[in-house]
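Read the structure below first, then the notes.
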Amino acid sequence: MKKAIALVLVTLSVASCTQTEKGAGIGAASGAIIGGAVTGNVRGAAVGAAIGGVSGALIGHATEQPGQCYYRDRYGRRYIDRC
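Okay, here's the thing in structure tokens:
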């Protein structure tokens with residue numbers, strides 16, 4: 266049963282539209298699996314899904330800048346500019 270739930274969560278996370286949604290889905294699925302495995306109860310899985318979903322959405326949103334690339338100047342500072 267746990268494998269079926271994990272498979273459904275992973276499938277839904279990949280079927281999202283934007284990078285933010287994909288990141289949130291993958292983060293939530295991963296967080297739920299890890300939280301449930303570590304704590305062995307549903308509460309740990311729910312907390313893991315919440316934390317993973319939020320952090321995945323933040324990471325997905327950061328990569329969602331069409332036509333923008335990351336560069337580093339000669340001092341090592343990172344900046345974003347058109348590709």
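Be aware that the sequence shown starts at 266, since it is given in my numbering, and climbs by one per residue.
Built from N, CA and C at the ideal position, the CB exists for glycine as well.
Using a Cβ-Cβ cutoff of less than 6 Å, which residues in the same chain neighbour residue i once the five nearest sequence positions on both sides are dropped?
{"i": "S320", "result": "G292"}
{"i": "G300", "result": "G309, A310, V312, G313"}
Looking only at its chain, what residues have a beta carbon closer than 8 Å to the beta carbon of residue i, apart from the 5 residues adjacent to it on each side?
{"i": "V303", "result": "G309, G313"}
{"i": "R343", "result": "Y335, Y336, R337"}
{"i": "E329", "result": "T283, Q284, T285"}
{"i": "D346", "result": "Q333, C334, Y336"}
Confirm, please, whether the CB-CB distance from residue j to residue i is below 8 Å.
{"i": "K287", "j": "G325", "result": "yes"}
{"i": "A311", "j": "T285", "result": "no"}
Does DSSP classify residue i as helix, strand or coil?
{"i": "R308", "result": "helix"}
{"i": "Q330", "result": "coil"}
Please go through the same chain and pick out, in chain order, the residues whose beta-carbon is closer than 7 Å to the beta-carbon of residue i, but skip the five residues on each side of it.
{"i": "I316", "result": "G296"}
Could you please give the first and the last residue of the uninterrupted beta strand (DSSP E) stretch that includes residue i?
{"i": "R343", "result": "343 to 347"}
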